[in-house]
Each structure stands twice: as structure tokens, then as C-alpha cells.
Amino acid sequence: MWMRPALPSLTRCGHGFLKRSVVAPAERGATRFPPRPKPPPEEEITEAYLKGSGPGGQKINKTNSAVQLKHIPTGIVVKCQDTRSREQNRKLAREHLAEKIDDLLNGENSRSAIVAKLKAKKKASAVKKSRRKHRSPDGEAEQGDEEEDNQVEEDGTEDDGQHAERVVKKVKIQEIRQG
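Residue numbers (my numbering): 8 to 186.
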């Protein structure tokens, strides 16, 4: 059995120059997200056109461009008035209905749940990276731990933890000037 060779791909790299990179066949079409759910068949849907509401003025209030779909077996109702076009709203409403049905049938394994988990994981990773980046060189205190560092001294003033460092620096500077 022969393996397909890795094919070079060309990308623009500023000023019209092309950059060549080799991409393995498995990596080329790989996506981390599951496929989008297919809309239900037309026989399972009742469709109604409604007048829109909200911002948009007189035009949105007097045209029947909003679309309401009801999935008969599950009873899920979706209304879409995202655009001024009825046809685009029909398409978007079917996509929203397919997502809602997927959520109902698959629960945690639905596409929207998996995408939400991946986004949360990515955000947690970014927060962790930011915490590592802003940590002090000795690795002790982080930026969010300021409450623990602020201690009230005997005279009633707060010590921000840097007062002692400033005193030591002043003493060293004075020693250098004198010596």
C-alpha cells in the first residue's frame, strides 16, 4: 500500500512573495470540531413568516422577513430575524433549529457543547499562561495576591511588601555614595 506524499502548499508572505511549506495529508483536512448538524427534513417543520420587531425602524416593522420554525416531533420553536432578507433568515433559522435539536438529542456530545468545552479550555490555558508571565522572578507572589501582601503595621499604616525593599535600596545607594 502506497502512502500519499506530503504536498507543498503556497501562502502569501507579504510584498507578494510566496512561502512554501510542506503539509502532511492527515493534517491538511483535520478539524478539531465535529461537523455541523444537518437541518431536519421539511416534513418535520412548520414555517411561519412574521413581522420583525426591535431596531430597524418602519421597514422592519411592516415586512414579514422574520422566520419562525417549529420542529413538530420535539416541539422546539426557533425565531430568526437576524437579517433584512427572508431567504437568509430561513437559512439561519434552519441552522439554529438543527443546533437546538442536536443539543437536545446528544447533550454533552453535541457540537455546541464540544465547542464550548474547547473554548473554555483555551481560555483557561491563556489565563494560566498570563499568570506564569506576570509572576515575579522569585516565583512567590502573583499579581492577584496583593491582599495577602498588604499587612497593617503597628503604627496603623499598610505595608505593601515593597517598603522594606525601598529602604534596603536607599541604604545601598548611600553606602555607594559615601564609599
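Note that the Cβ used here is the ideal one computed from N, Cα and C, for glycine as well.
Partner residues in a beta bridge of ALA100, as assigned by DSSP, do not exist.
Assignment of ILE67 by DSSP, reduced to helix, strand and coil, places it in the helix class. Taking 8 Å as the upper bound for CB-CB distance, PRO41 and ARG118 are in contact here, some 5 Å apart.
Between the segment 43-57 and the segment 65-81 there are three or more C-beta pairs closer than 8 Å, enough to call the two in contact. Taking C-beta atoms under 8 Å as the contact rule, LEU104 and ILE83 qualify, at a distance of about 7 Å. In this structure, GLY114 and GLN88 do not form a Cβ contact; the two beta carbons are roughly 28 Å apart against a cut-off of 8 Å. Beta-bridge annotation (DSSP): LYS77 is paired with THR53, VAL84.
For the set GLU49, GLN95, ILE183, PRO48, the Cα lying nearest the Cα of ASN71 is the one of GLN95.
Take ILE67, set aside five residues on each side of it, and the residues of its chain with a beta-carbon closer than 6 Å to its own are GLY59, in chain order. Taking 8 Å as the cut-off, the Cβ atoms of ILE108 and PRO44 count as close. Rounded to the nearest whole angstrom, the CA to CA distance from THR90 to GLY61 is 12 Å. Taking the Cα positions, ARG184 is about 36 Å away from LYS140.
Here the C-alpha atom of ILE121 lies approximately 12 Å from the C-alpha atom of GLU106. The Cβ neighbour count for VAL85, taken over all protein chains shown within 10 Å, is at least 16; the residue is labelled buried.
Contact annotation: ARG39 and LEU99 have beta-carbon atoms that are not nearer than 8 Å.
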